[in-house]
Amino acid sequence: MRSSNIDDLPLNDRYESDIHYTFQFCHWILKPLGIYYFIYNQANKFEKILSMVLILICFFIIQFVIVPFGYYILFYEKDMNTKIKFLGPLTFCLSALFKYSYLGIKSSELGHCIKHVEKDWKMLQNEDHRVIMSRYVIMGRNLITLCAAFMYTGGLSYHTIMPLLSKRKVENFTIRPLTYPGYEAFLNIQKSPTYEIIYCMHCIYVIVVGNITMAAYSLTTIFITHACGQIKIQMLRLENLKNEKKVLETGIESHLAVVVKNHVEILRFAKNVETTLRELFLVEVIVSTLLMCLLEYYCMVEWETSDSAAILTYVILLFSFTFNILIFCYVGELLLGQRGLFNHWHNKHECGSRVVKSRLLCMK
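The opening position of the sequence shown corresponds to residue 6 in the working numbering, with each subsequent residue numbered one higher.
Spelled out as structure tokens, the structure:
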């Protein structure tokens, strides 16, 4: 008697811990941004109110920097070299605002992708498949950790250490610069506690925009490593089709059904991820390329002044954006290829299944 369909097999009894481990970093990043509950759509009234409050706070912190900083660059500063120096930070600010809004708009689609990942974890059939998936989850967590180390180290250095090292004295009066100028038109920033408040707001700001960047990156990394893990499992299933004894014992139709069903699911998931995040990929690639060029220019300028702290900060940021753009380019290319395979498989898998089945019947 042939074995039952895949849906009748037992579920992964450790799927809750596996899912938690997979999305642990995402939870840490998304919850302070307030969009966690919109993506998961499993929130009570208090959590929804808290989420809206966090979103308003994050938008206020971003606007607290962008509005005076943009005004300063556009209407106040006349020196072109200074404008170029501040073009990079302003571009990063605007891109962070776009990414934050985009994640909120696409929260429903992101939730569908996350549910697909959770479903795949629940439907794991044996320990070998779980080991494969866990290996790719660990790889994704390592990539996220490495990216976060570059992002937060460079960002915090730029917003905390560089302003402190840039203090200068003019006629026995210490000028304390800020990372983002522009508040001089509204406040006396050199007085205490005005300077300290703005300085702390800038430190909070870099954490917020860092979380926004890491939210987009972590979700992308989790989705793509999950797809790679599923493809690896699919390859293992295809290898099992070559095992004549195992096929004869468990049934040809059951194996073919599993292969076809999971292959289509993998390609559909890849297509959904591409549809959901492709605009974000495009913006990330363009912004990262522009920032890499500007950071190289900043390094050359600071090299002439022998400012080692500034050079080190710019180099760390340069590594961070280079690493980001490499990963996003790889992800976009892989998902584009998967979409083409989806269309090809949709037209060919039925014919291919008949050929494989006929050959296996001849072997039998």
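Built from N, CA and C at the ideal position, the CB exists for glycine as well.
Beta-carbon proximity list for residue i, same chain, < 6 angstroms, skipping 5 on both sides
{"i": "Y81", "result": "none"}
{"i": "I227", "result": "G145"}
{"i": "I67", "result": "L102"}
{"i": "Y185", "result": "V70, F74"}
{"i": "F347", "result": "Low confidence applies here, because F347 scores a pLDDT of 48, under 50, leaving its location unreliable; read the following figure in that light. Excluding sequence neighbours, F347 sits near L272, K276."}
{"i": "G93", "result": "L296, L299"}
{"i": "D12", "result": "Low confidence applies to D12: its pLDDT is 44, below 50, so where it sits in the model is not reliable enough to give any reading."}
{"i": "L394", "result": "In the structure displayed, the chain extends from 6 to 369; residue 394 sits before or after that span and is not available."}
{"i": "Y41", "result": "L35"}
{"i": "F324", "result": "F155"}
{"i": "F91", "result": "I78"}
{"i": "G372", "result": "Only positions 6 to 369 of the chain appear in the structure, and residue 372 is not among them; the question remains open."}
{"i": "S162", "result": "T318"}
{"i": "S313", "result": "none"}
{"i": "I119", "result": "none"}
{"i": "L14", "result": "With a pLDDT of only 45 at L14, under 50, the local geometry of the prediction cannot be trusted, and no value is derived from it."}
Selection from the options that minimises the alpha carbon distance to residue i
{"i": "V320", "options": "Y222, E301, E21, I332", "result": "E301"}
{"i": "F97", "options": "C118, V213, E244, T310", "result": "V213"}
{"i": "N17", "options": "E123, G215, S313, G160", "result": "E123"}
{"i": "S112", "options": "M85, I62, V278, L261", "result": "V278"}
{"i": "Y222", "options": "L285, M57, M305", "result": "L285"}
{"i": "G234", "options": "E270, L299, L323", "result": "E270"}
{"i": "Y204", "options": "L331, P168, W33", "result": "P168"}
{"i": "L241", "options": "C304, A232, H231, V264", "result": "V264"}
{"i": "T230", "options": "N147, F43, F51, T327", "result": "N147"}
{"i": "P37", "options": "H207, M219, K88", "result": "M219"}
{"i": "I24", "options": "H121, M57, L55", "result": "H121"}
{"i": "Q130", "options": "Q239, H32, L287, I44", "result": "Q239"}
{"i": "T280", "options": "L243, H32, Y107, W33", "result": "Y107"}
Length of the line joining the Cα atoms of residue i and residue j
{"i": "G187", "j": "I78", "result": "8 angstroms"}
{"i": "D133", "j": "L317", "result": "44 angstroms"}
{"i": "M138", "j": "M128", "result": "12 angstroms"}
{"i": "F30", "j": "K83", "result": "43 angstroms"}
{"i": "Y20", "j": "R135", "result": "10 angstroms"}
{"i": "C334", "j": "Y210", "result": "27 angstroms"}
{"i": "C152", "j": "S293", "result": "13 angstroms"}
{"i": "S22", "j": "I62", "result": "32 angstroms"}
{"i": "T27", "j": "M156", "result": "21 angstroms"}
{"i": "G215", "j": "A154", "result": "11 angstroms"}
{"i": "A315", "j": "I60", "result": "32 angstroms"}
{"i": "N46", "j": "Y200", "result": "40 angstroms"}
{"i": "K88", "j": "Q195", "result": "22 angstroms"}
{"i": "F328", "j": "G116", "result": "26 angstroms"}
{"i": "P198", "j": "H164", "result": "18 angstroms"}
{"i": "F64", "j": "L282", "result": "21 angstroms"}
{"i": "L224", "j": "W126", "result": "16 angstroms"}
{"i": "Y105", "j": "L183", "result": "24 angstroms"}
{"i": "I180", "j": "C208", "result": "19 angstroms"}
{"i": "K50", "j": "E114", "result": "22 angstroms"}
{"i": "F274", "j": "C304", "result": "41 angstroms"}
{"i": "F326", "j": "I54", "result": "35 angstroms"}
{"i": "I202", "j": "L192", "result": "12 angstroms"}
{"i": "T310", "j": "N86", "result": "15 angstroms"}
{"i": "I217", "j": "I143", "result": "22 angstroms"}
{"i": "G109", "j": "A232", "result": "23 angstroms"}
{"i": "L243", "j": "L95", "result": "51 angstroms"}
Cβ-based neighbour list, residue i, same chain, cut-off 8 angstroms, excluding 5 preceding and 5 following
{"i": "Y76", "result": "G187, A190"}
{"i": "K237", "result": "I137, Y141"}
{"i": "E307", "result": "A315, I316, Y319"}
{"i": "M206", "result": "I66, F69, V70"}
{"i": "I330", "result": "E289, V290, S293, T294, M297"}
{"i": "A48", "result": "Y42, S56"}
{"i": "I332", "result": "L148, C152, Y222, T225, T226"}
{"i": "I166", "result": "A314, T318"}
{"i": "L99", "result": "I71"}
beta-carbon residue i near the ligand HEM non-hydrogen atom, thresh 7 angstroms
{"i": "V213", "result": "For the structure depicted, the ligand HEM is absent and the ligand set is empty, with no information on it obtainable."}
Residues near residue i by beta carbon distance below 7 angstroms, same chain, minus five either side
{"i": "E52", "result": "Y42"}
{"i": "I44", "result": "L35, S112, L115, G116, I119"}
{"i": "W33", "result": "none"}
CB contact below 8 angstroms: residue i versus chain C
{"i": "C98", "result": "Within the model displayed, chain C is absent; a lone protein chain is all it includes."}
At 4 residues or longer, what runs of the alpha helix (DSSP H) sit wholly inside the region 200 to 280?
The qualifying runs are 249 to 255.
Only counting runs of 4 or more residues, tell me where the alpha helix (DSSP H) segments fall wholly within the region 101 to 145, in order along the chain.
Entirely contained in the region 101 to 145, the alpha helix (DSSP H) runs reaching 4 residues are, in chain order, 112 to 127.
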